[in-house]
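Protein chains in written order, with the numbering used here: chain A, 1 to 166; chain B, 167 to 275.
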């Protein structure tokens, strides 16, 4: 049951990622990426990681991609260039480089995970929010404080960059 | 209950990463390039999740929780990056009336 749910969500995620990369309208790109992040959240939920599924939906689909849509509509971008149009040599080199990077990733992680066997969501019985919160306040307290400073710096920087100089 | 094999999750992560890299390398609209970066970040998150599942499967639940915390931090950094990047696009669009990276060639010799 879990494995079929994973397969369905994985195939849907790949289909919508392709749409997000190749479609000509930026609004369609962003909306299909919303679908991709929704399916990734579903995969996290299927694997038993309830907290990750929630923040994936709230932060990515709810905040980051709405910001993207907001900027696209603010700048009034309707249609952009066709996927891979113009400069055929550079496009071919770019595609080859992307596939080479993918092959490198596969070669690097090959042998790190067991090929046989697998894991069930039972490992996280009782939910993950409580142990994550406990670890955030003990082992990872310094990175947790640091990321709040990073977010404040990004907020101030974004306002400073986008502000109209008068 | 049939378990999800860890290599399958890693394979999905690799496919998403390549699609994101294709978007970054082959598109010329800055916002779509940025979407490609977000796809690649999510592929990396999925790899973190895969290895967290592998740790959970071998009985080490605390390192499985650590893996999920790294995803949490990546999402935080991605949110900061999106805010700054989109502010940059607004500033560039105000100056040049376009965010096509082919036409932003003022630093090109």
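Ideal Cβ placement from N, Cα and C applies to all residues, glycine included.
Backbone secondary structure at residue i - three-state DSSP
| i | result |
| --- | --- |
| residue 195 (chain B) | strand |
| residue 89 (chain A) | helix |
| residue 109 (chain B) | An answer regarding residue 109 (chain B) cannot be provided, because it is not within the stretch 167 to 275 covered by chain B. |
| residue 170 (chain B) | strand |
Nearest-angstrom Cβ-Cβ length linking residue i and residue j, presumed shorter than 8 Å
| i | j | result |
| --- | --- | --- |
| residue 202 (chain B) | residue 21 (chain A) | 7 Å |
| residue 47 (chain A) | residue 170 (chain B) | 7 Å |
| residue 196 (chain B) | residue 158 (chain A) | Incorrect: roughly 15 Å between the Cβ atoms, too far for contact. |
| residue 13 (chain A) | residue 57 (chain A) | Going by Cβ atoms, the distance from residue 13 (chain A) to residue 57 (chain A) rounds to 14 Å, so no, they are not a contact pair. |
| residue 52 (chain A) | residue 237 (chain B) | 6 Å |
| residue 72 (chain A) | residue 30 (chain A) | 7 Å |
| residue 94 (chain A) | residue 192 (chain B) | 5 Å |
| residue 215 (chain B) | residue 49 (chain A) | 7 Å |
| residue 205 (chain B) | residue 178 (chain B) | Their Cβ separation, rounded to whole angstroms, is 12 Å, which puts residue 205 (chain B) and residue 178 (chain B) out of contact at 8 Å. |
| residue 80 (chain A) | residue 164 (chain A) | Their Cβ separation, rounded to whole angstroms, is 25 Å, which puts residue 80 (chain A) and residue 164 (chain A) out of contact at 8 Å. |
| residue 65 (chain A) | residue 15 (chain A) | Contact doesn't hold; Cβ gap of about 18 Å is too wide. |
| residue 198 (chain B) | residue 26 (chain A) | 6 Å |
Top-ranked residue by Cα proximity to residue i, from the options
| i | options | result |
| --- | --- | --- |
| residue 258 (chain B) | A:18, A:12, A:161 | A:161 |
| residue 222 (chain B) | A:128, A:129, A:124 | A:124 |
| residue 194 (chain B) | A:86, A:140, A:75 | A:86 |
| residue 174 (chain B) | A:67, A:110, A:148, A:104 | A:110 |
| residue 244 (chain B) | A:25, A:43, A:150, A:28 | A:150 |
Rounded straight-line distance, which links the Cα of residue j to that of residue i
| i | j | result |
| --- | --- | --- |
| residue 233 (chain B) | residue 218 (chain B) | 5 Å |
| residue 83 (chain A) | residue 98 (chain A) | 15 Å |
| residue 142 (chain A) | residue 180 (chain B) | 31 Å |
| residue 256 (chain B) | residue 262 (chain B) | 10 Å |
| residue 260 (chain B) | residue 269 (chain B) | 14 Å |
| residue 144 (chain A) | residue 136 (chain A) | 7 Å |
| residue 200 (chain B) | residue 186 (chain B) | 9 Å |
| residue 242 (chain B) | residue 101 (chain A) | 25 Å |
| residue 74 (chain A) | residue 127 (chain A) | 40 Å |
| residue 155 (chain A) | residue 112 (chain A) | 38 Å |
| residue 9 (chain A) | residue 209 (chain B) | 14 Å |
| residue 7 (chain A) | residue 28 (chain A) | 24 Å |
| residue 148 (chain A) | residue 176 (chain B) | 30 Å |
| residue 32 (chain A) | residue 19 (chain A) | 7 Å |
N- and C-terminal bounds of the alpha helix (DSSP H) containing residue i
| i | result |
| --- | --- |
| residue 144 (chain A) | 141–162 |
| residue 63 (chain A) | Here residue 63 (chain A) belongs to no alpha helix (DSSP H), and DSSP marks it neither H nor E. |
| residue 133 (chain A) | 129–136 |
| residue 7 (chain A) | 2–22 |
| residue 51 (chain A) | 50–55 |
| residue 30 (chain A) | 26–46 |
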